[in-house]
Amino acid sequence: MRRKSMTEPSRQTVGHDAPVFRFAPSPNGRLHLGHALSALLNADMAEKMGGRLLLRIEDIDLARCSRELEQAVFDDLAWLGIPFETPARRQSEHFPLYREALDRLQAMGLIYPAFLSRGEVKARVSAHEREGAIWPRDPDGAPLYPTEERFLSEAERTERLATTERHAWRLDIDKARALVGKRLTWEETGDGPRGEIEADPAAWGDVVLWRSDAPASYHLAVTVDDAAQGVTHVVRGLDLFHATSVHRLLQALLGLPTPVYHHHRLISGPDGRKLSKSLGDTALAALWAEGRTPSDIRAMVGI
Numbered sequence: 023m024r025r026k027s028m029t030e031p032s033r034q035t036v037g038h039d040a041p042v043f044r045f046a047p048s049p050n051g052r053l054h055l056g057h058a059l060s061a062l063l064n065a066d067m068a069e070k071m072g073g074r075l076l077l078r079i080e081d082i083d084l085a086r087c088s089r090e091l092e093q094a095v096f097d098d099l100a101w102l103g104i105p106f107e108t109p110a111r112r113q114s115e116h117f118p119l120y121r122e123a124l125d126r127l128q129a130m131g132l133i134y135p136a137f138l139s140r141g142e143v144k145a146r147v148s149a150h151e152r153e154g155a156i157w158p159r160d161p162d163g164a165p166l167y168p169t170e171e172r173f174l175s176e177a178e179r180t181e182r183l184a185t186t187e188r189h190a191w192r193l194d195i196d197k198a199r200a201l202v203g204k205r206l207t208w209e210e211t212g213d214g215p216r217g218e219i220e221a222d223p224a225a226w227g228d229v230v231l232w233r234s235d236a237p238a239s240y241h242l243a244v245t246v247d248d249a250a251q252g253v254t255h256v257v258r259g260l261d262l263f264h265a266t267s268v269h270r271l272l273q274a275l276l277g278l279p280t281p282v283y284h285h286h287r288l289i290s291g292p293d294g295r296k297l298s299k300s301l302g303d304t305a306l307a308a309l310w311a312e313g314r315t316p317s318d319i320r321a322m323v324g325i
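In the working numbering, the protein residues as written are 23 to 325.
Shown next, in the form of structure tokens:
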């Protein structure tokens, strides 16, 4: 049987009100079994619900992403036989849309320029903890960013922004929560907690929304993209479960709809680590070269 090319248009016909799913890999390495699980779950759930399946290329990190690796994503997905609609959406082609969202948040007085480097934050946290104090950390274990730059005067901000000093734009989480002023929740159907989940964006502190080396952050871009593409069901790994709290806050601030979320189990290697593209874990291309079939992949990921 001929493999369907990812450049061919989808022949799937669905109604305008059909559920919309998306698979959104980053072309910064070869896809592995964990990506296969996510892509296959998206495809199976879309088929079961009579929905659409979109492909989004999350290539904001221009230094690490490449068109060669993007083509490898297309090849791997075609081999798996997953019928995504085409053309794929590339985040790198939509920076003005993310900037528009950032400008709206700035007009609300909710973002501020942050100048501390990772090294400076690390040194401050280390000094704090050497004294026996506890520095708050986010759900991924990273220390929260210090908050004193929230209170810089407009004159000082303007002066520092006029220099070549590197900076990021961060969301003032306290102001943002106060502006929303209501309890935020999402509907969860995945492999962890289910039902109505209460969002806790404060657990992440003042998250980055824009930085000089990567226009738009994951949080901002994925929230804007899901709304722009009309995504109704987000199916992704449990490693992003807690990040949904930030996305719910941004949706509320920007007046965007809230999808149903399904955070699925992760695929681990023999040592218990989550599979990683950066470590070359169980790449689909290698399994393909060994003679494995798409049916084998389904069995390996437990579908």
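Even for Gly, the Cβ is constructed at its ideal location relative to N, Cα and C.
| Check | Outcome |
| --- | --- |
| Does the stretch 185–192 touch the stretch 214–232, meaning 3 or more C-beta pairs lie closer than 8 Å? | yes |
| Would you say P165 and R159 are within 8 Å of each other, going by their C-beta atoms? | yes |
| Which of helix, strand or coil does DSSP assign to L174? | coil |
| Could you check if A274 is buried or exposed, using at least 16 other CB atoms within 10 Å of its CB as the buried criterion? | buried |
| For H150, I'd like the list of residues in its chain whose CB is within less than 8 Å of its CB, leaving aside the five on either flank, ordered along the chain. | W157 |
| Looking at A94: is its Cβ nearer than 8 Å to the Cβ of A307? | yes |
| Per the DSSP calculation, K296 is bridged to which residue(s)? | S290 |
| So V42 and G73 are supposed to be a Cβ contact under 8 Å. How far apart are they, rounded? | 6 Å |
| Locate the alpha helix (DSSP H) running through L242, then write down its first and last residues. | 240–250 |
| If you compare alpha carbons, which of S114, A238, L271 is closest to R205? | L271 |
| Would V246 pass as a contact of L119 if the rule is Cβ separation under 8 Å? | yes |
| With which residues is G165 paired in a DSSP beta bridge? | In the sequence as displayed, the identity of residue 165 is Pro instead of Gly. DSSP output for P165 lists R159 as bridge partner(s). |
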